[in-house]
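K.L.:
Protein chains in written order, with full-length UniProt numbering: chain A, 1 to 230; chain B, 1 to 230.
2 protein chains.
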Amino acid sequence: MRNSGGGILSDRGPARLRADARRNQERILVSARAVFAEHGIDAPMATVARRAGVGVATLYRRFPNRDALVRAAFAQQIETCARALTEALADPDPWRGFQRLVETACELQREEQGFPAAFVAAFPDSTVEHAQARERAERDLLTLVRRAQAAGALRADFHPSDLAVALLSHCGLVTALPRDSAASRRLVAYLLQSFRAEAAHGALPPPSALSLRSLPLAADSSPRQRPSRA
Amino acid sequence: MRNSGGGILSDRGPARLRADARRNQERILVSARAVFAEHGIDAPMATVARRAGVGVATLYRRFPNRDALVRAAFAQQIETCARALTEALADPDPWRGFQRLVETACELQREEQGFPAAFVAAFPDSTVEHAQARERAERDLLTLVRRAQAAGALRADFHPSDLAVALLSHCGLVTALPRDSAASRRLVAYLLQSFRAEAAHGALPPPSALSLRSLPLAADSSPRQRPSRA
DNA sequence: TCTTAACCGGACGACATCGTCCGTTGGACC
DNA sequence: GGTCCAACGGACGATGTCGTCCGGTTAAGA
């Protein structure tokens, strides 16, 4: 139990892991990303272990349960999303920043189908630092939207929750059609066009009460149950 | 074995079912729709049976496997979709027909979350009559799209596969957020606006090679594997 | 009312996955 | 090279679901 708190996420220093242990941990993460992308987020843990050339016990020693593994496997993707958000905010053209953020997030979803499914299902618990990161992401998103609206590029009736709607629906599409990147790009193009101010023809129905925290852009998401069996 | 071919779908005549058997079959179908909508398409068969006030054996006697049950449970919804397509084609205003078809299909997805999941996952086998129905649906859809484009309402670069993209992404959204009808309506509104001819600003990426047969509008779908475990 | 066959439902074996246990192996350090 | 202990991996029991079997029940017709 001395090892608790270290080693689950690899961002807290080496934690004095033995060389073979560290090597195996990395192989497990690579395997997990591949298996999750190929067979979905519910693929058996044993499959991940076998592909990594490792016993199940080794996997469970490093990641106490499936959620921990998912979390660690996609930590890098979270990082990419967070960076994309920062870059979007730094873009002098508000619309281009918004557009690139959406495109980057969707590209990530496209590349690893396990990624979106991971975030709509896998994060019931949150730590303080994650909550902070999430709050900052939410605030940044709001700023991005407001700026793009102020510039007259993003339609005025766009609601921040629409971003969640867009990303979740795109997530569903790439999950249903893992190999069809044309479909994904097509959807993104349609959505972005309909978000433009010029596309505002007629009123929209009222926005969702959906919080932005269910987005994969934040480091944590609301406690949704995974869409599993009864 | 005398009963083979009858009783699975209730549209081929009573097949001389005993009164209690017929009653139970109906209760099972009602229960299945409710359970699938509530717990997803992978809910245990025992849950369906219990809710119907019936033993598992009774369920399996009537529906030899999960797919048969799903198929029968949503036969009515297929019917509704087919009727919506016919009505859309009969509408004197091509755009309104198109619009209503999309809205009706999405409304069905919204009302029963099990419905979309059923169709992207559950129909590996097809019969001759289903293939015929599917072909007709495909042809009708194409006609609908062409007409709306000819009327100058639907954008010229709209591709029939975009309908599949729209419905599949919406399906993903309602699966991820089963209770959030505002999100669903919002997405539908955005998509429909972006399909209007006036919304065509700039070129779209190339369309998907996706066939329309994977749509729940047709009575059958392509043999996709369900997104299950490895 | 009586017969009979269709129907009912709970119990059951098969199967898959989860997460743990424990004897063995082999890095790290002297 | 030797020692120690962290790390290894396969076997294991627990759990949950599937689909079947079989003895009891009941609807339908004479």
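Even for Gly, the Cβ is constructed at its ideal location relative to N, Cα and C.
Computed from a predicted model, the values in this text were never measured in an experiment.
Return helix, strand or coil for residue 154(A), following the three-state DSSP convention.
P.N.:
For the purposes of this step, residue 154(A) is identified with residue 154 of the first sequence, where counting begins at 1. Here residue 154(A) sits in strand by DSSP.
K.L.:
Given that residue 145(A) touches chain B, what residues does it touch there, using C-beta distances under 8 Å?
P.N.:
Stepping through the first sequence from its first residue, residue 145(A) is reached at position 145. Correct list: empty, because the minimum Cβ distance to chain B is about 15 Å.
K.L.:
Extract the residue ranges of the alpha helix (DSSP H) inside the stretch 10–48 of chain B, only unbroken runs of 4 or more that lie entirely within it.
P.N.:
Complete alpha helix (DSSP H) runs here, min 4: 19–39.
K.L.:
Which of the three DSSP states is assigned to residue 210(A) in this structure?
P.N.:
In the first sequence, counting from the first residue as 1, residue 210(A) sits at position 210. In this structure, residue 210(A) counts as coil in the three-state DSSP scheme.
K.L.:
If the cut is a Cβ gap below 9 Å, which residues of chain B does residue 199(A) touch?
P.N.:
Reading the first sequence from its first residue, position 199 is the one you call residue 199(A). Going along chain B in sequence order, the residues near residue 199(A) (Cβ under 9 Å) are 190, 193, 194, 196, 198, 199 and 201.
K.L.:
Could you tell me which chain A residues have their CB closer than 7 Å to the CB of residue 94(B), listed as they occur along the chain?
P.N.:
As a working note, residue 94(B) is residue 94 in the second sequence. Under the 7 Å cutoff, chain A gives no residues; its nearest Cβ is about 17 Å from residue 94(B).
K.L.:
Are at least three pairs of beta-carbons, each pair with one atom in the stretch 195–203 of chain A and one in the stretch 183–202 of chain B, less than 8 Å apart?
P.N.:
The stretch 195–203 of chain A is in contact with the stretch 183–202 of chain B.
K.L.:
What are the partner residues of residue 196(A), as DSSP defines its beta bridges?
P.N.:
Residue numbering aside, residue 196(A) sits at position 196 when the first sequence is read from its first letter. In DSSP, residue 196(A) forms a bridge with 154(A).
K.L.:
Under three-state DSSP, which class holds residue 204(A)?
P.N.:
In the first sequence, residue 204(A) corresponds to position 204, counting from 1. Residue 204(A): coil per DSSP, three-state reduction.
K.L.:
Given a cut-off of 8 Å, decide if residue 159(A) and residue 169(B) are closer than it, judged by their beta-carbon atoms.
P.N.:
For the purposes of this step, residue 169(B) is taken as the residue at position 169 of the second sequence. For the purposes of this step, residue 159(A) is taken as the residue at position 159 of the first sequence. No, the pair does not count as a contact, with Cβ atoms beyond the cut-off.
K.L.:
Along the stretch 97–111 of chain A, where does the CB come closer than 7 Å to a CB of chain B? Name the residues.
P.N.:
So nothing in the stretch comes that close.
K.L.:
Count the other CB atoms within 10 Å of the CB of residue 154(A); is the residue buried (16 or more) or exposed (fewer)?
P.N.:
Position 154 of the first sequence, counting from 1, holds the residue named residue 154(A). The residue in question, residue 154(A), is buried, as its Cβ has 16 or more Cβ neighbours within 10 Å.
K.L.:
Where do the N-terminal and C-terminal ends of the alpha helix (DSSP H) with residue 176(A) fall, by residue?
P.N.:
As a position in the first sequence, residue 176(A) is number 176, starting the count at 1. Segment 160–176, the alpha helix (DSSP H) holding residue 176(A).
K.L.:
Look at the alpha carbon of residue 108(A) and the alpha carbon of residue 77(A), and state the distance between them as a whole number of angstroms.
P.N.:
Sequence index remark: in the first sequence, residue 108(A) carries index 108 (1-based). Sequence index remark: in the first sequence, residue 77(A) carries index 77 (1-based). Residue 108(A) and residue 77(A): Cα-Cα distance of roughly 7 Å.
K.L.:
Taking C-alpha atoms, which residue in 204(A), 70(A) and 178(A) lies nearest to residue 43(A)?
P.N.:
Locating residue 43(A) in the first sequence gives position 43, where the first residue counts as 1. For the residues 204(A), 70(A) and 178(A), the minimum Cα distance to residue 43(A) belongs to 70(A).
K.L.:
By alpha-carbon positions, which one of 157(A), 32(A), 98(A) and 91(A) ends up nearest to residue 68(A)?
P.N.:
Working through the first sequence from its first residue, we reach residue 68(A) at position 68. Comparing Cα positions, the closest option is 32(A).
K.L.:
If contacts are defined as beta-carbon pairs under 8 Å, then residue 82(B) and residue 98(B) qualify, I think. What distance do you get, rounded to the angstrom?
P.N.:
The residue given as residue 82(B) occupies position 82 in the second sequence. The residue given as residue 98(B) occupies position 98 in the second sequence. About 16 Å separates the two Cβ atoms, so there is no contact after all.
K.L.:
Anything in chain A within Cβ reach of residue 152(B), meaning under 7 Å, just list it in chain order.
P.N.:
Taking the first residue of the second sequence as 1, we reach residue 152(B) at position 152. Neighbours of residue 152(B) on chain A: none; closest Cβ ~14 Å, over 7 Å.
K.L.:
So, is the C-beta of residue 165(A) closer than 8 Å to a C-beta in chain B?
P.N.:
Here residue 165(A) refers to the residue found at position 165 of the first sequence. So, interface residue.
K.L.:
Just checking, does the stretch 161–180 of chain B make contact with the stretch 174–189 of chain A on the three C-beta pairs under 8 Å criterion?
P.N.:
With the cut-off at 8 Å, the stretch 161–180 of chain B and the stretch 174–189 of chain A touch.
K.L.:
Given this structure, state the Cα-to-Cα distance separating residue 60(B) from residue 24(B), to the nearest angstrom.
P.N.:
Along the second sequence, one-based indexing puts residue 60(B) at 60. Along the second sequence, one-based indexing puts residue 24(B) at 24. Answer to the nearest angstrom: the Cα atoms are 12 Å apart.
K.L.:
Measuring only the C-alpha atoms, how far is residue 84(B) from residue 210(B)?
P.N.:
Locating residue 84(B) in the second sequence gives position 84, where the first residue counts as 1. Locating residue 210(B) in the second sequence gives position 210, where the first residue counts as 1. Distance between the alpha carbons of residue 84(B) and residue 210(B) is about 22 Å.
K.L.:
Determine the direct distance from the alpha carbon of residue 72(A) to that of residue 128(A), and round the result to whole angstroms.
P.N.:
Residue mapping note: residue 128(A) aligns to position 128 of the first sequence, counting from 1. Residue mapping note: residue 72(A) aligns to position 72 of the first sequence, counting from 1. The predicted model places residue 128(A) with a pLDDT of 47, which falls under 50 and marks its position as unreliable; any figure quoted below should be read in that light. Rounded to the nearest angstrom, the two C-alpha atoms are 17 Å apart.
K.L.:
Check the Cβ of residue 208(A) against every Cβ in chain B and list those closer than 8 Å, keeping chain order.
P.N.:
Counted from its first residue, the first sequence places residue 208(A) at position 208. Result: 177, 180, 182, 183 and 186.
K.L.:
Just checking: is the beta-carbon of residue 81(B) within a distance shorter than 8 Å of some beta-carbon in chain A?
P.N.:
Within the second sequence, residue 81(B) is the residue found at index 81, counting from 1. It does not: the Cβ of residue 81(B) has no partner Cβ on chain A nearer than 8 Å.
K.L.:
From residue 135(A) to residue 136(B), what does the alpha carbon distance come to, in whole angstroms?
P.N.:
In the first sequence, counting from the first residue as 1, residue 135(A) sits at position 135. In the second sequence, counting from the first residue as 1, residue 136(B) sits at position 136. Whole-angstrom Cα-Cα distance: 51 Å.
K.L.:
Relative to the C-alpha of residue 79(B), which candidate in 115(B), 54(B), 110(B) and 47(B) has its C-alpha closest?
P.N.:
Here the question's residue 79(B) lines up with position 79 in the second sequence. Per the Cα distances, 115(B).
K.L.:
If I follow the unbroken alpha helix (DSSP H) through residue 97(B), where does it start and stop?
P.N.:
Residue numbering aside, residue 97(B) sits at position 97 when the second sequence is read from its first letter. That run of the alpha helix (DSSP H) goes 94–111.
K.L.:
Where does residue 93(A) land, buried or exposed, given buried means 16+ other C-beta within 10 angstroms?
P.N.:
Locating residue 93(A) in the first sequence gives position 93, where the first residue counts as 1. Exposed is the call here.
K.L.:
Would you mind giving the Cβ-Cβ distance between residue 181(A) and residue 183(B), rounded to the nearest angstrom? I have them listed as a contact below 8 Å.
P.N.:
Numbered from 1 along the first sequence, position 181 holds the residue referred to as residue 181(A). Numbered from 1 along the second sequence, position 183 holds the residue referred to as residue 183(B). Wrong, their Cβ atoms sit about 24 Å apart, outside the cutoff.
K.L.:
Against residue 169(B), what residues of chain A qualify as contacts under a CB-to-CB distance less than 7 Å, listed in chain order?
P.N.:
For the purposes of this step, residue 169(B) is taken as residue 169 along the second sequence, with counting starting at 1. Chain A residues near residue 169(B): 169, 170, 172, 173 and 187.
K.L.:
Is the separation between the beta-carbon of residue 113(B) and that of residue 189(B) shorter than 8 Å?
P.N.:
The count along the second sequence starts at 1 and reaches residue 113(B) at position 113. The count along the second sequence starts at 1 and reaches residue 189(B) at position 189. Not a contact, by the Cβ cut-off of 8 Å.
K.L.:
Could you work out which residue in 63(B), 157(B) and 17(B) is closest to residue 28(B) when comparing CA atoms only?
P.N.:
As a working note, residue 28(B) is residue 28 in the second sequence. Per the Cα distances, 63(B).
K.L.:
Listing by chain order, which chain A residues have their CB less than 9 Å from the CB of residue 140(B)?
P.N.:
As a first step, residue 140(B) must be located in the second sequence, where it is residue number 140. Result: empty, since nearest Cβ-Cβ is about 22 Å, beyond 9 Å.
K.L.:
Establish whether the CB of residue 20(B) and some CB of chain A are separated by less than 8 Å.
P.N.:
Along the second sequence, one-based indexing puts residue 20(B) at 20. Judged by the 8 Å Cβ criterion, residue 20(B) is not in contact with chain A.
K.L.:
In whole angstroms, what separates the C-alpha of residue 161(A) from that of residue 18(A)?
P.N.:
Locating residue 161(A) in the first sequence gives position 161, counting from the first residue. Locating residue 18(A) in the first sequence gives position 18, counting from the first residue. Approximately 45 Å between the Cα atoms of the pair.
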